[in-house]
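Chains as they are written, first to last, in the working numbering: chain A, 888 to 1291; chain B, 21 to 271; chain C, 188 to 349. Please read the structure below before turning to the comments.
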Amino acid sequence: MKKPILREVNESMGFYALLGVFGALILVALGAVYFMEHNGHHVTGMNNQIVWGMPHVFALFLIVAASGALNVASIASVFGRYQYKPLAPLSTVLAAALLLGGLMVLVLDLGRPDRLIVAMTYYNFKSIFAWNIILYNGFLAILVVYLWTQLDPTMVKYGKIAGFAAFIWRLVLTTGTGSIFGFLVARQGYDAAIMAPMFIIMSFAFGLAVFMLVMFAAYKWTNRPLGDGIVRRLKNLLGVFVGAVLYFSLVFHLTNLYATEHHGVEAFILRDGGIFTNLYWWGHFVIGGLLPLFLLYCRKTRDSRTLIGLASLLIILGGIAQLYVIIVGGQAYPLDMFPGMEVSSSFADGVVNNYSPSLAETLLGLGGFAVAMLLVTVVARALRMLPESLADDVVDPHHSKADA
Amino acid sequence: MSINNQADQSRRKFLGNSAAVVAGVTIAPGILLHTPAQARSLDQAASSKQRWGILIDTNQCDSGCDKCVTACQTENGWGKNETKSNSEQQAQWIRKVELKDPNTGHQQSLPVMCQHCENPPCVDVCPTGASMKRDDGIVLVDKHICIGCRYCMMACPYKARSFIHEELKGQATVAPRGKGTVESCTMCVQRVDAGGSPACVEACPGKNGKAMVFGDLNDANSEIAKRLKQYGGKQIRADLGLNPSVRYQGI
Amino acid sequence: MSIRRVVAGLPLIMAGLLALPLSTHAGDAPQVAKGKGDACVEPTDVIRKNHMDLLKHQRDDTLRRGIRTKKHSLNECLECHVQPDESGKVARIDSPKHFCSTCHTYAAVKLDCFECHSDLPKSMNKSAYKHKLTPDNKHHASMQSAPVSRQMLDAIANGEAK
């Protein structure tokens, strides 16, 4: 078996082109932030009924995907599958980069982002939000140590324990993220314990989808060999995760459908909600679920890199749709303060709440993606973290035997 | 820091409760305060001996009347200086809600504002502790440490809170409010501390007598406590177990 | 020179450095608007150095505990220090003539009080609607000591006066 060699990427034209594209996207996002913060949130589509909008959809997607991007490293360190080990550094760096991108979006959408220091110094430990601040920061710290154990031969002996810590931590972290909604007793669309495990499984799928795309791009653009063996294993895993997301989503709604008190909100999301219903069925279910499953498993498409990449892209789009339905759809459905009564007021009681995302909000969200990708690009240049070859015989010495 | 605060608060609450019990046992009921709010001296902190509440009799509440809303605007200076925000973005500390029972056609009208829960979800979810409850049960936003995350607005079952979407000028001295922070009904804490009652209660004409009564829920001799004892009072979304200080009759 | 001697001399050098800005800048220090009364609630050096801590302490006491003593209240600062000048104009917070802005502009320290708080004292703030100012309603001591016309107050409240 040849030992996989990790090497930094070269300063090619492509490298600078990437820096330029992502840098430009970040500049645009910062411009959008300046516009929103200078004027106040009245220039966004958000209001007193839909208080969390597009920035939160993107931020939560990135944070959830960050946890899942560590899948590959976890499989190597925690579950002892050595074939994935060469990819562990990319997986770790991607996790940290996605988390930073998501946090940037979240923080820059605050009403008072200049008071970030307050969020770091005043803690209300009953708030799951406050716990998440600790979980996010802790995750970053663990990832740095974890990466160190992967790249420094003298630290390798701590790799197992660091990997285990990171694995447990990210499960807790995604539980915390899901609980942001699970703990909201007041709203019909939330208040469900299943939110936590559902967010974990969503993280597995979204994170791995992002990882696949980054891996394909990195290997194609650096002309490094990428064997079919590892791609096949990862895409099969991705398919399992996508199926599991659909399963959780179905169980969540089926459970709600059994209770009459939830019929209203379920009818809204699944049947009458207009954009939310469309996003749920077409976005989340078909584009983000059935279609990728078909592409990943159908005999005619499953071996095409392009189509596996397309499936990953669809999973990302479907994930964003799913989070939009959860976050915005959950707020759009009116709060049920007086059960059984017809309600009206000057403050949108009893009516479905409107939200039309502004361009600035969306640009900020995309900026989060750009930050994550820029970080990965820079780190891939600065650190020797990307295997020179992931050809089948390099990754797995038993390759020919296994596939024979 | 916050842990200490919370420990402090629960200890204070415990002490306060025991003090109230002791007072109730040892002092004859007639000696307890009659007036809804006797002004404390300026240097005295709000205490858990009191729990301020509002009782709203929907049978007295006229659907065409919004005097409570305008009185609140006048007192606290909202509803006029948000010029750039659209109607869904403008703050509303108190609003009139119209109810209709689809089965019977029965109609009611009632004001809804912060319900000043004993167990407020907004306080639970606030990451910095800006959402807070005073010892006398009044729920407030400490805008000095509010970061504008809006999680409290997600958590409130009453839609009692508003976010300020633009820079403000011309705030009332008694009610500081500004861009990027969350706000809600303060039960006119400035008036309560001075021994008065909230502007909405003061302004309420009612149909045949006031629809709103303000007072100390802990004081058995207060008008609000007597009325609640005799006629009862409902909580909006009592199922959530939040035990709000604002109660309704006739819903 | 031994290292010990350098260390021993450090306090002296530090003291010299600290004295430097005081001596050179004494001339162009900001001209702060004088208060209405005879003296501040604290000695000048204390209030200069610690006003932010006093205000912060007061803000927590007032907001979180309902203690409403006036000594260190922001509004009382304004009541005393925000006064009409000879021409009858009242400086608002965006003008460097406002009592708070004078030093904060000079020292380039961002003020975060008036994002939310009114920059006018309660007695001049028309936003506190309760105070209907009519010729026969002069219940404010400060109003009598500093005569202000009704028109002027309206102008202030409308943001016309600077």
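Glycine included, C-beta positions come from ideal geometry on N, C-alpha and C.
List, in chain order, every chain A residue whose beta-carbon is nearer than 8 Å to that of Ile165(B). Arg1002, Val1005 and Tyr1009, listed in chain order.
Distance check for Val1005(A) and Ser978(A), CA to CA, integer angstroms please. The alpha-carbon atoms of Ser978(A) and Val1005(A) are separated by roughly 32 Å.
Under a Cβ-count criterion, where at least 16 other Cβ atoms within 10 Å of its own Cβ denotes burial, should Gly196(C) be classed as buried or exposed? Gly196(C) should be labelled exposed.
Quick one: list the residues of chain C neighbouring Arg154(B), beta-carbon separation under 9 Å, in chain order. Taking a Cβ-Cβ threshold of 9 Å, the residues of chain C close to Arg154(B) are Leu250, Arg251, Arg252 and Gly253, in chain order.
How would you list, in chain order, the residues of chain A whose beta-carbon sits under 7 Å from the beta-carbon of Ala175(B)? Within 7 Å Cβ-Cβ: Leu1071 and Ala1073.
In three-state DSSP terms, what is Gln1075(A)? Reduced to three states, the DSSP call for Gln1075(A) is coil.
Please list, in chain order, all residues of the same chain as Lys189(B) whose beta carbon is under 7 Å from its beta carbon, the five residues on each side excluded. Hits under 7 Å: Asn101.
Whole-number beta carbon distance between Cys92(B) and Cys220(B), since they are thought to touch under 8 Å: Right, their Cβ atoms sit about 5 Å apart.
Same chain, Cβ closer than 8 Å to Leu987(A), neighbours up to 5 away in sequence not counted: Cβ neighbours of Leu987(A) within its own chain (closer than 8 Å, five residues either side excluded): Leu1027, Val1258, Ala1259 and Leu1262.
On the three-pair Cβ rule with 8 Å, is the region 235-253 of chain B touching the region 56-76 of chain B? Look at the beta carbons and you see the region 235-253 of chain B touching the region 56-76 of chain B: at least three pairs across the two are nearer than 8 Å.
For the alpha helix (DSSP H) that contains Val951(A), what are its first and last residues? Taken as a continuous stretch (DSSP letters only), the alpha helix (DSSP H) holding Val951(A) covers Met941 to Ala956.
In the DSSP assignment, the beta strand (DSSP E) including Arg115(B) goes from what residue to what residue? Annotation for Arg115(B): the continuous beta strand (DSSP E) segment containing it runs Ile114 to Lys120.
Beta strand (DSSP E) containing Lys153(B): first to last residue? Element bounds for Lys153(B): Ser151 to Lys153.
Based on Cα-Cα distance, which residue from Glu266(C), Gln245(C) and Glu229(C) lies nearest to Thr256(C)? Put simply, of Glu266(C), Gln245(C) and Glu229(C) the residue whose alpha carbon is nearest the alpha carbon of Thr256(C) is Gln245(C).
Report the rounded CA-to-CA distance for Ser1136(A) versus Met1085(A), giving the unit in angstroms. Just so you know, the alpha carbons of Ser1136(A) and Met1085(A) end up roughly 7 Å apart.
Closer than 8 Å to chain B by CB, Leu997(A): At least one beta carbon of chain B lies nearer than 8 Å to the beta carbon of Leu997(A).
When you check each C-beta in the region 113-130 of chain B against every C-beta of chain A, which residues fall closer than 7 Å? Residues passing the 7 Å Cβ filter: Arg115, Lys116, Val117, Glu118, Leu119, Lys120, Asp121 and Pro122.
Which chain B residues sit within Cβ distance under 7 Å of Asn237(C)? Under a criterion of Cβ atoms nearer than 7 Å, no residue of chain B is adjacent to Asn237(C); the nearest Cβ is some 18 Å distant.
For a contact meaning CB atoms closer than 7 Å, what does Gln356(B) contact in chain A? This structure cannot settle anything about residue 356(B), because the visible part of chain B is limited to 21 through 271.
Applying the criterion that 16 or more other CB atoms from any shown protein chain within 10 Å of the CB defines a buried residue, is Ala43(B) buried or exposed? Note on Ala43(B): pLDDT 43, under 50, position unreliable in the model; no value is reported.
Can you tell me whether Pro196(B) is helix, strand or coil according to DSSP? The answer is coil: DSSP assigns Pro196(B) none of H, G, I, E or B.
In whole angstroms, what is the alpha-carbon distance linking Leu1201(A) and His304(C)? Distance between the alpha carbons of Leu1201(A) and His304(C) is about 49 Å.
Arg197(B) versus chain C: which residues are under 8 Å apart at the beta carbon? Neighbourhood of Arg197(B) in chain C, by CB distance below 8 Å: Cys303, in chain order.
Just verifying my parser: in three-state terms, what is the DSSP assignment at Ser288(C)? Residue state, collapsed to three classes: helix.
Find the nearest neighbour of Ala1198(A) within the set Ala1154(A), Ala1208(A) and Leu1177(A), judged by alpha-carbon distance. Of the candidates Ala1154(A), Ala1208(A) and Leu1177(A), the one whose C-alpha sits nearest the C-alpha of Ala1198(A) is Leu1177(A).
Can the beta-carbon of Tyr178(B) be found closer than 8 Å to that of Met1102(A)? Here Tyr178(B) is not near Met1102(A), since their CB atoms are 8 Å or more apart.
Residues of the region 57-91 of chain B with Cβ closer than 8 Å to any Cβ of chain C, in chain order: So the list reads Arg60, Leu62, Asp63, Gln64, Ala65 and Ala66, given in the order they occur along the chain.
Please work out which residues of its chain come closer than 6 Å, Cβ to Cβ, to Ile1117(A), disregarding the five sequence neighbours upstream and downstream, and give them in chain order. Answer for Ile1117(A): Leu1277 and Val1282, listed in chain order.
By how many angstroms is the C-alpha of Thr249(C) removed from the C-alpha of Ile244(B)? Distance from the CA atom of Ile244(B) to the CA atom of Thr249(C), rounded to whole angstroms, is 26 Å.
By DSSP's criteria, Cys137(B) is part of a beta bridge. Which residues make up the other side? DSSP output for Cys137(B) lists Pro264(B) as bridge partner(s).
In terms of residue numbering, what span does the alpha helix (DSSP H) encompassing Phe902(A) cover? Membership of Phe902(A) in the alpha helix (DSSP H) is indicated by the continuous run Met900 to Asn926.
Over what stretch of residues does the alpha helix (DSSP H) that includes Gly1063(A) continue unbroken? Segment Gly1046 to Gly1069, the alpha helix (DSSP H) holding Gly1063(A).
So with Cβ pairs under 8 Å, would you call Asp13(B) a contact of chain C? Here chain B has residues from 21 to 271 only, and residue 13(B) is not among them.
Which of the three DSSP states is assigned to Gly1216(A) in this structure? Helix.
Chain B contact residues for Lys223(C), given Cβ-Cβ distances below 7 Å: Residues of chain B passing the Cβ test: none, with the nearest at roughly 17 Å.
Min CB distance Ile244(B) to chain A below 8 Å: Answer no: the Cβ-Cβ gap between Ile244(B) and chain A never drops below 8 Å.
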